[in-house]
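Undergrad: Chains as they are written, first to last, in my numbering: chain A, 1135 to 1370; chain B, -7 to 237. Glycine included, C-beta positions come from ideal geometry on N, C-alpha and C.
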Amino acid sequence: MKLRLLPYLSSVACAVVVASGCATTASNPKDPFEGFNRAMFAVNEGLDVAIVKPLAQGYDTVAPLPVKVVVGNFFGNLWDVWTALNNLLQGKPGDAASDVGRVLVNSTVGIGGAFDVAGELGLTKHSEEFGQTLAVWGVGDGPYFYWPLIGPRTTRDTFGWLVDTYYDPVWRVDDMALRNSLVATRYIDLRATLLPSDKVIEEAAFDKYNYIRDAYLQHRRNEVFDGDPPRVPLDD
Amino acid sequence: MVIHRASPWTIRSAPWTEDFAGRGRSWLGANNVLSPAWILLMKYFVSLLLGLLVMLSSALAQESAPDALVRKVTDDVLTIVRQDKEIQSGNTRKAMELVDSKVLPYFNFQRMTALAVGRDWSKATPEQKKRLAEEFKTLLVRTYSNALTSYKNQTISYKPTKMQAADTDVLVRTEVVQPGSKPVQLDYALEKQGDSWKVYDVIVAGVSLVTNYRDTFNQEVRNNGIDGLIQMLGNRNKQLEAGKK
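Below, the structure written as structure tokens:
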């Protein structure tokens, strides 16, 4: 699964893109495959309405807040290992050391990552993955894509995501049943944290596809610059 | 919400007043409050206090700049939301009233609309600009109010503001902290107009609520002109208004 995923996904992507590429009426230069993306967006919305969102809502209603906090912390702690490595790859040894400190503290005092003790101690959680590392190394965004289940990714971040998934400790769990339930729990928990923004986006957006794309691109730029991007003059 | 400490001058009674008005017991050991040593000390004390007050007020004047404004408005709004069960249970109308009275005075909607529309703004007549700003304001107030109704137990932490004395355009950075997930960055861009600061952009997790509309608005103006855009905004507002209480 892990090793075979990459060539498989990218070849599918290429095939679909070639098939739909010329038929689109792209209006945004960053989104040349808008036709394909809108189709995938529709698929994803369908899946979300039918399966993912109801599950997330159920989880959100049933699980008390402390449980959700523990679930979020647990998966966050596993990811912090990867965050540390990416901070190192991005030439930020200070942040990387802080991330290692987080993992050590939270895995022990924080009982296997259930509690973010390190956060209370002032070791701030960072948000890093391989897509950002590639960006810091100078890789540009490339065309924007919307993938089913995975959601929006630029070309660079799609490759970043594949590398993330390859090294993801959750995907590396040997016991298939356990691995699948962990992946599913993490996915549903993540979706549940996004529930409050659903209504806001629904009402604020005229074209949900556009709104999400533009928000994603702005958000990624912000992440690559660690929350402090150079301000662009807004008037044009 | 970061609990901000009461400012020094709100302490109900300062120790020295207690000493003075009280039984004349002082740390000088003199029972007579009019003893020369006491008067001398009081003079010194008063001048010290005055000096301190001058220092503090100038510090306050500096702080009453953008970051203090954002902090005050945020505190005011969240204090109300925390106590209002109706807003917490999703009463958007009530949240909108709150935003109208507490937040709107500090926002510059003309500028926000201009930024959302981009270069087409200059093509609009003054009348069109007025109507555009009015409709966009209604939409943004609803978005902002909706976000308020999903408030649970988040706290706001304020980051230091990078600012020079002469700056007229400043980004005030805050974070919405919630247990179990990463803090969400919430920044406000403010601009100085005369003596007062006004917010012209709200940026959530790096996403500007204003410029995120630019692509959509440009497209609408391209297809149906400025009036088309006004109509699109107006229709959405009416539809949302009809959809809920």
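Cβ atoms of A1231 of chain A and N1240 of chain A: under 9 Å apart, would you say?
TA: No.
Undergrad: Return the CA-CA distance between S1315 of chain A and D1323 of chain A, expressed in angstroms with no decimal places.
TA: The alpha-carbon atoms of S1315 of chain A and D1323 of chain A are separated by roughly 12 Å.
Undergrad: Give me the chain A residues within the contact set of N100 of chain B, using Cβ-Cβ distance strictly less than 8 Å, ordered along the chain.
TA: Those do not exist, as N100 of chain B stays about 13 Å from chain A at its closest Cβ, beyond 8 Å.
Undergrad: List, in chain order, every chain B residue whose beta-carbon is nearer than 7 Å to that of N1162 of chain A.
TA: Within 7 Å Cβ-Cβ: D207.
Undergrad: For T105 of chain B, which residues of its own chain have a beta-carbon under 8 Å away from its beta-carbon, when the five flanking residues on both sides are left out?
TA: Cβ neighbours of T105 of chain B beyond the five flanking positions: W113, K121, L124, A125, F128, K129.
Undergrad: Going by beta carbon distance, what residues of the same chain come within less than 6 Å of V69 of chain B, once the five residues before and after it are set aside?
TA: K94, listed in sequence order.
Undergrad: Short of 9 Å Cβ to Cβ, which residues in the stretch 187 to 214 of chain B face chain A?
TA: Taking 9 Å as the Cβ-Cβ cut-off against chain A, the residues of the stretch 187 to 214 of chain B that qualify are Y192, D193, I195, V196, A197, G198, V199, S200, L201, V202, T203, N204, Y205, R206, D207, T208, F209, N210, Q211, E212, R214.
Undergrad: Starting from V168 of chain B and walking both ways along the beta strand (DSSP E), at which residues does that stretch end?
TA: Note, V168 of chain B: beta strand (DSSP E), 161 to 169.
Undergrad: Between the stretch 1191 to 1206 of chain A and chain B, which residues of the former have a C-beta closer than 8 Å to a C-beta of the latter?
TA: The residues in question are L1199, K1202, V1203, V1204, V1205, G1206.
Undergrad: Is G1210 of chain A close to chain B, meaning its C-beta is less than 9 Å from at least one C-beta of that chain?
TA: Yes, G1210 of chain A lies at the interface with chain B (some Cβ there is under 9 Å from its Cβ).
Undergrad: Excluding the five sequence neighbours on either side, which residues of its own chain have a C-beta within less than 6 Å of the C-beta of R17 of chain B, listed in chain order?
TA: Because R17 of chain B sits at a pLDDT of 43, beneath the cut-off of 50, its placement in the model cannot be relied upon, and the following sentence gives the value as read from the coordinates. Excluding sequence neighbours, R17 of chain B sits near nothing in its chain.
Undergrad: Taking its Cβ as the centre, do 16 or more other Cβ atoms sit within 10 Å of I222 of chain B, making it buried, or is it exposed?
TA: That one is buried.
Undergrad: How many angstroms separate the CA atom of L132 of chain B from the CA atom of N138 of chain B?
TA: If I take the Cα positions, the gap works out to 10 Å.
Undergrad: What are the partner residues of Y1278 of chain A, as DSSP defines its beta bridges?
TA: Y1278 of chain A pairs with A:T1288.
Undergrad: For K190 of chain B, count the other beta carbons within 10 Å of its own beta carbon; 16 or more makes it buried, fewer makes it exposed. Which is it?
TA: K190 of chain B should be labelled buried.
Undergrad: Which residues of chain B have a Cβ atom closer than 8 Å to the Cβ of N1221 of chain A, listed in chain order?
TA: Correct list: empty, because the minimum Cβ distance to chain B is about 15 Å.
Undergrad: Apply the 10 Å Cβ neighbour rule to R134 of chain B and answer buried if 16 or more other Cβ atoms are within range, or exposed otherwise.
TA: It counts as buried.
Undergrad: Is L178 of chain B helix, strand or coil when you go by DSSP?
TA: Three-state result, L178 of chain B: strand.
Undergrad: Would you say S173 of chain B faces chain A, with C-beta separation under 9 Å as the test?
TA: Output row for S173 of chain B: interface = yes.
Undergrad: Tell me whether the stretch 68 to 85 of chain B and the stretch 142 to 150 of chain B touch, counting them as touching only if at least three CB pairs, one residue from each stretch, are closer than 8 Å.
TA: Contact between the stretch 68 to 85 of chain B and the stretch 142 to 150 of chain B is present, because at least three Cβ pairs lie under 8 Å.
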